[in-house]
Amino acid sequence: MRVVSFSVPAWFPPRTGEEVRREVQLTEQESTVFLCLATGASNAELAGELQLSVSTVKFHVHNIRAKLGGISRLQACLLAALARERVPGPKTAHALDARRSA
């Protein structure tokens, strides 16, 4: 299993009463889901694009948010957008962006 590391910017606000982890280790599958979160797609849309079940996507999103310090889904989407600017994202994320904007 490949593990992918993402850095959280120092200026990123933590959830009230919690601390955002600055260096996060995600599995390859979590990384793929994380980068696709940047599109703002629903769990069902992500599942269809990534050819996963909705429950699997929910599981990965829950784990991603927990690893990032219990942040909200919106905050996870914002971090994913930042990460996609620095790391070439999976083709599926770009295809989902194109479909949503059409």
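Under this note's numbering, the first residue of the sequence shown is numbered 98, with each subsequent residue one higher.
We put the beta carbon where it would ideally sit given N, CA and C, even for glycine.
In this structure, Val130 and Val158 form a Cβ contact; the two beta carbons are roughly 6 Å apart against a cut-off of 8 Å.
Listed in chain order, the non-local C-beta contacts of Ser139 below 6 Å within the same chain number zero, local neighbours out to five positions each way being set aside. For Leu134, the enclosing alpha helix (DSSP H) starts and ends at 125-134. Here Ala178 has Ala135 as same chain residues with Cβ atoms under 7 Å from its own Cβ, once five neighbours each way along the sequence are excluded.
For Ala163, the enclosing alpha helix (DSSP H) covers residues 151-164.
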